[in-house]
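Enquirer:
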Amino acid sequence: MKDVFGGGVVTGLSSTVVVIAALLLGCQEAATHRADHDSMADPLAVAKAVPGTLHVVDERGTRNLTLSEILPKFTPRIVVTLDPYYQSTKRFVAVPLGELLKEFWPGLDNEPHAEIEFAAADGYKVRLSAKLAQSPPAFIALRDVDHPPFEPISDRKADPSPLYLFWEGKEWTNLETHPRPWGIVTISKVHSGQGLQHVTPPHGFGADGCAEAGFRLFSAQCQRCHAINGEGGRLGPDLNVPRNILEYRSEPDVRAYIKDPATFRYGNMPAHPLLTTEHLDQLVCYLREMGRHKFDPRQPAAKTEKGS
Ligand code: HEC
Numbered sequence: 012m013k014d015v016f017g018g019g020v021v022t023g024l025s026s027t028v029v030v031i032a033a034l035l036l037g038c039q040e041a042a043t044h045r046a047d048h049d050s051m052a053d054p055l056a057v058a059k060a061v062p063g064t065l066h067v068v069d070e071r072g073t074r075n076l077t078l079s080e081i082l083p084k085f086t087p088r089i090v091v092t093l094d095p096y097y098q099s100t101k102r103f104v105a106v107p108l109g110e111l112l113k114e115f116w117p118g119l120d121n122e123p124h125a126e127i128e129f130a131a132a133d134g135y136k137v138r139l140s141a142k143l144a145q146s147p148p149a150f151i152a153l154r155d156v157d158h159p160p161f162e163p164i165s166d167r168k169a170d171p172s173p174l175y176l177f178w179e180g181k182e183w184t185n186l187e188t189h190p191r192p193w194g195i196v197t198i199s200k201v202h203s204g205q206g207l208q209h210v211t212p213p214h215g216f217g218a219d220g221c222a223e224a225g226f227r228l229f230s231a232q233c234q235r236c237h238a239i240n241g242e243g244g245r246l247g248p249d250l251n252v253p254r255n256i257l258e259y260r261s262e263p264d265v266r267a268y269i270k271d272p273a274t275f276r277y278g279n280m281p282a283h284p285l286l287t288t289e290h291l292d293q294l295v296c297y298l299r300e301m302g303r304h305k306f307d308p309r310q311p312a313a314k315t316e317k318g319s
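Each residue of the sequence shown is one higher than the one before, starting from 12 at the first, in this note's numbering.
1) Return yes when at least one heavy atom of ligand 1 lies under 7 Å from the C-beta of residue 67, else no.
2) So for residue 229, helix, strand or coil by DSSP?
3) I want to check one thing, is the minimum distance from the CB of residue 98 to the heavy atoms of ligand 2 below 7 Å?
4) Given residue 101, which residues of its chain have a CB within under 7 Å of its CB, disregarding the five upstream and five downstream residues?
5) Excluding five sequence neighbours on each side, which residues of the same chain lie with their C-beta closer than 8 Å to the C-beta of residue 114?
6) Which one or two residues does DSSP pair with residue 140 in a beta bridge?
7) Please give the ranges of any beta strand (DSSP E) in the stretch 158–204, keeping only runs that are unbroken, at least 3 residues long and fully inside the region.
8) In whole angstroms, what separates the C-alpha of residue 8 from that of residue 137?
9) Measuring straight from C-alpha to C-alpha, what distance separates residue 235 and residue 262?
10) Opposite residue 106 in the DSSP bridges: which residues?
11) Hey, would you say the C-beta of residue 154 is under 7 Å away from at least one heavy atom of ligand 1?
12) Unbroken beta strand (DSSP E) runs of length 3 or more, entirely within the stretch 77–104: which are they?
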């Protein structure tokens with residue numbers, strides 16, 4: 012906890028933060044206490060029991076590692092986080108992501124342009140800079156201490172297992188800067204230039220620029236919740252596959268929905284009152300363009316277009 016709350020990350024350590032730190036520490040003690048009576052909360056035992064395989068991918072190829080063999084090496088422990096998906100404080104048996112990455116790629120610190128990509132079994136992908144992925148608050152959860160193995164996430168009832176990336180402490184709750192990919196089965200090291208592969212057209216945007224401007228808006232404001240072609244967030248639906256949103260909703264409805272979803276239904280999508288007509292033009296232009304460049308990670312053979 013020192014690293015998160017006292018390690019210079021927070022400038023001007025306020026009394027609130029100290030109280031929160033004390034609360035979190037209190038939680039951790041309680042957790043250790045309970046662990047004595049419950050062998051399944053013993054972090055080492057948990058790590059040895061995680062089923063499945065982790066695929067580790069880099070320029071040299073793919074390594075398939077048995078989770079129950081590799082995880083116990085990384086000092087599994089109980090870590091507390093304020094979790095925006097669960098909207099509460101959660102305790103996970105977890106291993107530090109930085110240690111895991113160092114084991115896979117010992118020279119990672121000397122690769123300033125490296126990025127780490129986390130992929131789930133259904134093809135969803137999220138990227139982090141190697142630096143952020145190795146920062147002290149980044150952890151990989153193996154199990155929920157209070158709701159083993161994992162409590163389903165949000166209304167979507169998503170299952171975070173086998174591995175869930177989260178950030179220790181109270182302050183890293185912004186999913187845009189600190190995403191929390193779940194269901195991780197593959198960890199890849201990629202070059203930052205590579206970008207996500209399928210969120211832009213394979214041969215770039217057209218000359219008029221509206222789709223490209225829309226893409227920039229989408230990356231900044233929508234991608235953390237929505238995927239395009241399976242790449243991006245998962246709180247909201249993928250807006251391109253299997254059907255592009257503009258193939259089954261009218262353009263006026265899509266525009267109105269993006270601005271104020273509550274006029275359609277009471278769901279989990281925030282309103283975007285600040286988007287102007289021009290912004291909406293650009294978002295629609297991008298979505299329409301991507302409708303012509305579908306890639307469905309669930310059916311890669313059937314849907315991959317030529318040249319992508
Ligand atoms: C905090 C997460 C979040 C953000 C940010 C977000 N959305 Fe959504 N969006 C959702 C969820 C969740 C739904 C599913 C509907 C619901 O829960 O009511 C949704 C639904 C939609 C739909 C309707 C899909 C349908 O079935 O009709 C569209 C279109 C959409 N979002 C576009 C966008 C765009 C464009 C942006 C960025 C400007 C955006 N969303 C930002 C979470 C989000």
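C-beta atoms are modelled at their ideal positions from N, C-alpha and C, and glycine is treated no differently. Note that the structure is a prediction, hence the values are computed from the model and not measured.
Expert: So, to answer that:
1) The residue you call residue 67 lines up with position 56 of the sequence shown. No, ligand 1 has no heavy atom inside 7 Å of this Cβ.
2) Counted from its first residue, the sequence shown places residue 229 at position 218. In this structure, residue 229 counts as helix in the three-state DSSP scheme.
3) Because ligand 2 does not appear in the structure shown, any question about it cannot be addressed here, the ligands present being ligand 1.
4) Locating residue 101 in the sequence shown gives position 90, counting from the first residue. Only 92, 94 and 155 meet the Cβ criterion.
5) Within the sequence shown, numbered from 1, the residue matching residue 114 stands at position 103. Its chain contains 81, 84 and 85 as the residues whose beta carbon lies nearer than 8 Å to that of residue 114, once the 5 sequence neighbours on both sides are disregarded; these appear in chain order.
6) Position 129 of the sequence shown holds residue 140. For residue 140, which the question treats as bridged, DSSP gives the partners 126.
7) 175–178 and 195–202
8) Lying before the first or after the last residue shown, residue 8 is absent from the chain, which here runs from 12 to 319.
9) As a working mapping, residue 235 is identified with position 224 in the sequence shown. As a working mapping, residue 262 is identified with position 251 in the sequence shown. C-alpha separation (whole angstroms): 22 Å.
10) As a working mapping, residue 106 is identified with position 95 in the sequence shown. For residue 106, which the question treats as bridged, DSSP gives the partners 151.
11) Counted from its first residue, the sequence shown places residue 154 at position 143. No, the Cβ of residue 154 stays beyond 7 Å of every heavy atom of ligand 1.
12) The qualifying runs are 88–94.
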